[in-house]
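Numbering (my numbering), first residue to last: 1170 to 1303. Virtual Cβ for every residue (Gly too), placed ideally from N, Cα, C. Small disclaimer: the values here were computed from a predicted structure and weren't measured.
Okay, structure coming up:
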């Protein structure tokens, strides 16, 4: 598990950069997912708008593209490499659940992107320690 701290940067932009790094490292696009906790990723919004919810989900099951999703819609869905984007600035209802669900979607590699202070506030000291936040 890796942490990409973003205390002053847009976590979605950093998550997109991490996805590009994974692809450059040789990960197949169908093995990678970018999962947000706050607002939906712009790619998810665009795909849902163009293809509807059913068409959007068909792209996940096809498994040949990077999947962009929201953590609350990803229960039971896994990818080998997951970029977990904590793109919220306040603790909301179900925030802790979103942290745990997002962390369990990766089978091989998990990279958490976000502000360490927010991650600690949402997940508590145990999650912070697991991610490597001091």
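Residue i burial status per 10 Å Cβ neighbour count (16 or more: buried)
i: residue 1203; result: buried
i: residue 1293; result: exposed
i: residue 1207; result: buried
i: residue 1288; result: buried
i: residue 1213; result: buried
Cβ shell of residue i (< 8 Å), same chain only, five flanking positions each side left out
i: residue 1185; result: 1203
i: residue 1220; result: 1227, 1228
Closest residue to residue i among the options (Cα-Cα distance)
i: residue 1255; options: 1294, 1303, 1286; result: 1286
i: residue 1230; options: 1183, 1201, 1280; result: 1201
i: residue 1258; options: 1171, 1180, 1170, 1279; result: 1180
i: residue 1197; options: 1277, 1291, 1217; result: 1277
i: residue 1237; options: 1189, 1211, 1222; result: 1211
Cβ-Cβ separation, residue j to residue i (assumed contact under 8 Å), whole Å
i: residue 1175; j: residue 1283; result: 6 Å
i: residue 1195; j: residue 1233; result: The Cβ separation is near 16 Å, so there is no contact.
i: residue 1290; j: residue 1260; result: 6 Å
Contacting residues, own chain, Cβ-Cβ under 7 Å from residue i (five flanking each side not counted)
i: residue 1251; result: 1202, 1204, 1274, 1275, 1279
i: residue 1187; result: 1173, 1252, 1280, 1282
i: residue 1302; result: 1172, 1285, 1288, 1289
Close Cβ partners of residue i (< 6 Å) along its chain, the five nearest in sequence each way excluded
i: residue 1281; result: 1172, 1253, 1300
i: residue 1239; result: 1205, 1209
i: residue 1217; result: 1225
i: residue 1191; result: 1201, 1250
Ordered list of beta strand (DSSP E) runs contained in the segment 1222-1298, each at least 3 residues: 1236-1239, 1248-1255, 1275-1283
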